[in-house]
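Engineer: Numbering (this note's numbering), first residue to last: 417 to 583.
Pasting a structure here, questions to come.
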């Protein structure tokens, strides 16, 4: 079963278009423009020396309860430990700049969709992804994006860092 097989089922979330899929290592709210250069510098140090990784989508789940699901997600398999370590270094870098960082632990996942509040929702749909194992892909870059929310959100690339070769 893949996400395509879940597309039009009753109670499905509003699916995110695949061309908008991304792995969020750290979410920061509004960062004042004068602090962005310091953030880029701190993130550069956090990413430095990180080897490239390989990941694949594996399994699925939801954030929120079965009765009130919020986010449908796919899990990750492969070099997850180095990814978690990188996310922790990025969070520490942001904290070092006194930027607010969520206290909850990083849970590596790919957001597939979101259920709308007060709409019929079937929180068990992602259980059908339990056995899914996608193709492996290389992770060779980390990007810092600035998002502009609205009816059609847009994103501007602020900085990007190439990851080193795996040993």
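By construction, the Cβ of each residue, glycine as well, lies at the ideal position given by its N, Cα and C atoms.
These numbers come from a predicted model, not from an experiment.
Is there contact between the stretch 429-439 and the stretch 509-527, where contact requires at least three CB pairs shorter than 8 angstroms?
Structural biologist: Counting Cβ pairs under 8 angstroms, three or more are found: they touch.
Engineer: Cα separation between residue 435 and residue 513?
Structural biologist: Stepping through the chain shown from its first residue, residue 435 is reached at position 19. Stepping through the chain shown from its first residue, residue 513 is reached at position 97. Rounded to the nearest angstrom, the two C-alpha atoms are 32 angstroms apart.
Engineer: Which residues in the same chain have their Cβ closer than 7 angstroms to the Cβ of residue 454, if we skip the five residues on either side of it in sequence?
Structural biologist: Residue numbering aside, residue 454 sits at position 38 when the chain shown is read from its first letter. Residues 513 of the same chain have their beta carbon placed closer than 7 angstroms to that of residue 454, with the five preceding and five following residues left out of the count.
Engineer: Check whether the stretch 533-546 touches the stretch 479-493, taking contact to mean three or more Cβ pairs, one atom from each stretch, closer than 8 angstroms.
Structural biologist: yes
Engineer: Around the Cβ of residue 456, are there at least 16 other Cβ atoms within 10 angstroms (buried) or fewer (exposed)?
Structural biologist: The count along the chain shown starts at 1 and reaches residue 456 at position 40. Burial call: exposed.
Engineer: Shortest alpha-carbon distance to residue 504 belongs to which of 552, 522 and 490?
Structural biologist: Counting from one through the chain shown, the residue named residue 504 turns up at place 88. Checking every option, the nearest Cα to that of residue 504 belongs to 522.
Engineer: What is the rounded straight-line gap between the Cα of residue 565 and the Cα of residue 488?
Structural biologist: In the chain shown, the residue the question calls residue 565 occupies position 149. In the chain shown, the residue the question calls residue 488 occupies position 72. Approximately 20 angstroms between the Cα atoms of the pair.
Engineer: In whole angstroms, what is the alpha-carbon distance linking residue 465 and residue 571?
Structural biologist: Along the chain shown, one-based indexing puts residue 465 at 49. Along the chain shown, one-based indexing puts residue 571 at 155. Roughly 27 angstroms separates the two Cα atoms.
Engineer: Less than 7 angstroms between C-beta atoms, sequence neighbours within five positions excluded: which residues of the same chain meet that for residue 432?
Structural biologist: Numbered from 1 along the chain shown, position 16 holds the residue referred to as residue 432. Cβ-Cβ distances below 7 angstroms link residue 432 to 527, 528 and 529 in the same chain, with the five nearest sequence neighbours on each side left out; the list follows chain order.
Engineer: Taking the alpha carbon of residue 470 as the reference point, which residue from 533, 548 and 554 has its own alpha carbon closest?
Structural biologist: If you number the chain shown from 1, residue 470 lands on position 54. Nearest option by C-alpha distance: 554.
Engineer: Identify every run of the alpha helix (DSSP H) within the stretch 463-512, keeping only runs that are complete inside it and at least 4 residues long; order them along the chain.
Structural biologist: 496-512
Engineer: Report the partner residues of residue 557 according to the DSSP bridge assignment.
Structural biologist: Within the chain shown, the letter at position 141 stands for residue 557. According to DSSP, which records beta bridges pairwise, residue 557 is partnered with 578.
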